[in-house]
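4 protein chains.
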Amino acid sequence: MDSNQNNVSGARGRPRSNEVHRNILDTTLYLLAEVGVEKLSIEMVAQRAGVGKASIYRRWANKEALIVDALEQIKPEFNMPSQGNLNGDLYELASHFVQRMNTPLGKQMLSLLISTLAGSSQISEAFWENHSLPKTKEISSIIDRYRQNERLSEDANVDLAADLMIGFIMYQLLFKPPTEDLDSSLKQGIEMIVKGIRKPD
Amino acid sequence: MDSNQNNVSGARGRPRSNEVHRNILDTTLYLLAEVGVEKLSIEMVAQRAGVGKASIYRRWANKEALIVDALEQIKPEFNMPSQGNLNGDLYELASHFVQRMNTPLGKQMLSLLISTLAGSSQISEAFWENHSLPKTKEISSIIDRYRQNERLSEDANVDLAADLMIGFIMYQLLFKPPTEDLDSSLKQGIEMIVKGIRKPD
Amino acid sequence: MDSNQNNVSGARGRPRSNEVHRNILDTTLYLLAEVGVEKLSIEMVAQRAGVGKASIYRRWANKEALIVDALEQIKPEFNMPSQGNLNGDLYELASHFVQRMNTPLGKQMLSLLISTLAGSSQISEAFWENHSLPKTKEISSIIDRYRQNERLSEDANVDLAADLMIGFIMYQLLFKPPTEDLDSSLKQGIEMIVKGIRKPD
Amino acid sequence: MDSNQNNVSGARGRPRSNEVHRNILDTTLYLLAEVGVEKLSIEMVAQRAGVGKASIYRRWANKEALIVDALEQIKPEFNMPSQGNLNGDLYELASHFVQRMNTPLGKQMLSLLISTLAGSSQISEAFWENHSLPKTKEISSIIDRYRQNERLSEDANVDLAADLMIGFIMYQLLFKPPTEDLDSSLKQGIEMIVKGIRKPD
DNA sequence: ACGTAACCGAGACGGTACGTCAGGTCTTATC
DNA sequence: GATAAGACCTGACGTACCGTCTCGGTTACGT
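Chains A, B, C and D supply the protein sequences, listed in that same order.
Note that the UniProt record's numbering numbers the first sequence so that position 51 is 51, with each residue one more than the last.
Note that the UniProt record's numbering numbers the second sequence so that position 174 is 174, with each residue one more than the last.
Note that the UniProt record's numbering numbers the third sequence so that position 86 is 86, with each residue one more than the last.
Note that the UniProt record's numbering numbers the fourth sequence so that position 154 is 154, with each residue one more than the last.
This is how it looks when you write it as structure tokens:
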């Protein structure tokens, strides 16, 4: 996803400055948070970063590529340690994701992602295959691990449960105003989902 | 949400043409579907609609306002007839919403809405209060109606179940590529949610 | 030159208001003095005159016609009484013209006239035939009257003398800043011209 | 009067292209002659010159400034060689000026100048001080050189004679239609002026 | 050690679209 | 049918960015 194709092998001439690279990305991120995606301009980034426009276009093909790359940086990784119980693990996952994304920048990243997916079914398909689906599998494998301990139904569709959870998190994140208390509803939502795949008892 | 503030009472001068108004909105919607939000220009709309730019700016303050207003038109209303059982009613609701929004235009509307909400916590709050919350209540009141018939838990948090469902639908809509089969996963998801609020039996 | 073609004979309906007509012309003249030709707009005139734009366009074909008509009003007529000597008569003529035109409005009128003449050789020709030439003749006939009394050369080209005088006046008017003393140089200039057509003594 | 303020000393960034500068001015002049001052548009100039609008507005603050600068270029300089006699020298001067200005462009320049002077007494004053007066002095010094040779009156007001001549030329230029024969009336006018300042003999 | 190719900041380049304003026409309701 | 108001289409205004190109100047490699 990065474009720093920099002097890989038989490079001649002055190599690209990593400092400049970082500077541009950081400034972009900063301005993204300050003025939003719509009003961000390359000229603005260049000036605030004290950098020539050419140094930006040398690294990224256009404004979109830069923004995507800048936002890419704040993408959360979840390799959470197990809590020993399903609800705990899922909550840990959700909570970590929410903490990372429940910021102006995080929301902008998500909304940009969504509008990108909405704009091209091709990208949509690729993203689903390479990101969404693996993430779903990751979550559903966690759930699967607790199949016996938590007395889940034999025929419980864990993938569906994962989707349900991701959708719930996204919805809370994107639609609920920042003032609302996400944490407790996250807990409750997870509880309900887990109950939905548990044996009737 | 509409800007056609004319002829209200003691109007003087030539009244604004409703034909022109419709023409602009329709053309906007058409072009939105054809070229997407990013590449839509007012000049394009004016030319294709056979209308002066002034006639657009007389009604809408800027490009964003026009786009929002145009997309507003395809907002789905759900006053579905009852099917006699909870799963059926919820599915009807979800299915109707999905049918309306599972189009390029519908997705663009949603993604625009999301990026707007992401951009301003003030708008976010207002939208939550005036649209999301009422919608949630509408759904949870439907669920509530079946509390006895469907043997739901006494302490079942129906609002939460509604949120779970809306989130699930949105996620399916926005992240799943158009090729996937939404309908069956919709059915299954609803089933799981309903199970999550049903008495253990 | 006026366009008030108003209900001359078998008029039907409401007759055009002379009050409106005057109002428009006066306002135009007032605004011409206030903001200048370049920045004058019909919308401005209509609003300040408390008149609909249609009422203006009903009377004048376009902005230029209105401006020309408005400025036409301040055109000086010179039917001056004779002073009994050539210098006196010519000075009276010049002085009267200068007094009328040595105002912001008068200068604007002249400069508008000049730019009109510069823009079309057809208009230029017509104006020369219908205005300049007759005026020249008028002046030269005044000079001619004094041929004997003032001992002018038999072969003196009085038409040329008239042109010389008009040109001199125009130049003083249009190029000399308002602060300069026009009157005395007018007197001197006339003296010199008269000397140029007088017998060597 | 020129706005090509670039590369003066510590210039940074790409320097402004002189080719572009010339191109714009030439195109402006060409279009000025083709369509006239009133109908000239910046967009037209940009398109015809194959230039972005920004490149024009980078150099000139607005349309007027560009037009003034373009017309400035055709301003005549008169450093004529002496003919050995007053009439000849003056005719040479006048003829040269007339030849340069007796074109659509020249007339437009003069009429634009006049309307500018009419619009602001401040500009009028400055122009008088910096252009008209020096020009007058230039001419009157030429006349003065012949004071003895041509037997001019001791008290002849040579400045006035110069004004008389300039006014005459302007008048012929601006009011006489292009079809008329300027040259011979120029000669005659000069003759009359010279006679007006010569000793009675 | 040194030439040179690719870098750097700055900013001009040809474009496109913005939102505004005015020109001249057309459409209301009112007089 | 004239009037005041104001909407209509057209098209230019001057501004802001886009992505590219061109300066003078600066590295750091490869010879």
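For glycine and all other residues, C-beta sits at the position ideal for the given N, C-alpha and C.
This one's a predicted model, so the numbers in the text were calculated from it and none came from an experiment.
| Check | Outcome |
| --- | --- |
| Tell whether a beta-carbon distance below 8 Å holds between D:Ser124 and C:Ile114. | no |
| Less than 8 Å between the C-beta atoms of D:Pro178 and C:Ser55, yes or no? | no |
| Could I get the ranges of all uninterrupted alpha helix (DSSP H) runs contained in the region 40 to 82 of chain B, with 4 residues as the minimum, in chain order? | 42 to 49, 53 to 57 and 63 to 72 |
| Of the residues C:Gly196, C:Thr27, C:Ile74 and C:Leu86, which one's Cα is nearest the Cα of C:Phe97? | C:Ile74 |
| What three-state label does DSSP hand A:Arg198 in the structure shown? | strand |
| I want to know whether the region 15 to 32 of chain D touches the region 184 to 197 of chain D - three or more CB-CB distances under 8 Å. | no |
| Could you tell me which residues DSSP pairs with D:Leu152 in its beta bridges? | D:Arg198 |
| To the nearest angstrom, how far is the alpha carbon of A:Gly167 from that of B:Phe168? | 5 Å |
| Below 8 Å on the Cβ atoms is my contact criterion, and I expect C:Leu172 with C:Leu182 to pass it. Report the Cβ-Cβ distance as a whole number of Å. | This sequence places Gln at residue 172 of chain C; Leu is not what is there. About 5 Å; that satisfies the 8 Å criterion. |
| Can you tell which of A:Asn62, A:Glu138, A:Lys53 and A:Gly119 has its C-alpha closest to the C-alpha of D:Arg14? | A:Lys53 |
| I need the DSSP call for B:Ser184, collapsed to helix, strand or coil. | helix |
| Is it true that the CB of C:Pro76 sits closer than 8 Å to the CB of C:Met109? | no |
| Can you name, in chain order, every residue of its own chain whose Cβ lies under 8 Å from the Cβ of C:Glu58, other than the five neighbours on each side? | It is worth fixing the name first, because residue 58 of chain C is Arg in this sequence and not Glu. Around C:Arg58: Arg16. |
| With contact counted as at least three CB pairs below 8 Å, one residue from each stretch, are the region 59 to 72 of chain A and the region 39 to 46 of chain A in contact? | yes |
| Would you say A:Ile193 and B:Gly196 are within 8 Å of each other, going by their C-beta atoms? | yes |
| Taking contact to mean at least 3 C-beta pairs separated by less than 8 Å, is the region 133 to 141 of chain C in contact with the region 130 to 144 of chain D? | no |
| Considering only the beta carbon of each residue, do C:Ser140 and C:Asp159 sit closer than 8 Å? | yes |
| For C:Val45, does the count of other Cβ atoms within 10 angstroms reach 16, so buried, or fall short, so exposed? | buried |
| Would you say A:Leu117 and B:Leu174 are within 8 Å of each other, going by their C-beta atoms? | yes |
| State the DSSP-derived secondary structure class of A:Tyr146, mapped to helix, strand or coil. | coil |
| So with Cβ pairs under 8 Å, would you call B:Ala161 a contact of chain A? | yes |
| Kindly indicate which residue of D:Glu34, D:His21 and D:Asn149 has the alpha-carbon position closest to the one of D:Gly106. | D:Glu34 |
| Could you tell me the alpha carbon to alpha carbon distance between D:Arg198 and C:Arg198, rounded to whole angstroms? | 12 Å |
| How would you call B:Gly119, buried or exposed, if buried means at least 16 neighbouring beta carbons within 10 angstroms? | buried |
| Under the assumption that C:Leu86 contacts C:Glu129 (Cβ atoms under 8 Å), give the Cβ distance between them as a whole number of angstroms. | Incorrect: roughly 27 Å between the Cβ atoms, too far for contact. |
| Grab the span of the alpha helix (DSSP H) containing C:Ser111 for me, first residue to last. | Pro104 to Gly119 |
| Can you pull the chain A neighbours of B:Lys195, defined as C-beta to C-beta under 7 Å? | Gly196 |
| Would you list, in chain order, the members of the region 133 to 153 of chain B that have their beta-carbon closer than 8 Å to a beta-carbon of chain A? | none |
| Are the C-beta of C:Gly36 and some C-beta of chain D separated by less than 8 Å? | yes |
| From D:Glu191, D:Pro200, D:Met170 and D:Ala126, pick the residue whose C-alpha is nearest to that of D:Leu152; which is it? | D:Pro200 |
| Tell me the rounded alpha-carbon separation between A:Val20 and A:Gln99. | 29 Å |
| Are the CB atoms of B:Ser82 and B:Asp89 within a distance shorter than 8 Å? | yes |
| Nearest to C:Ala49 by alpha carbon, out of C:Ile67, C:Asn23, C:Ala126 and C:Ala161? | C:Asn23 |
| Taking just the CA atoms, how far does A:Arg145 sit from B:Gly84? | 38 Å |
| Where do the N-terminal and C-terminal ends of the alpha helix (DSSP H) with C:Ser132 fall, by residue? | No alpha helix (DSSP H) holds C:Ser132; DSSP gives it neither H nor E. |
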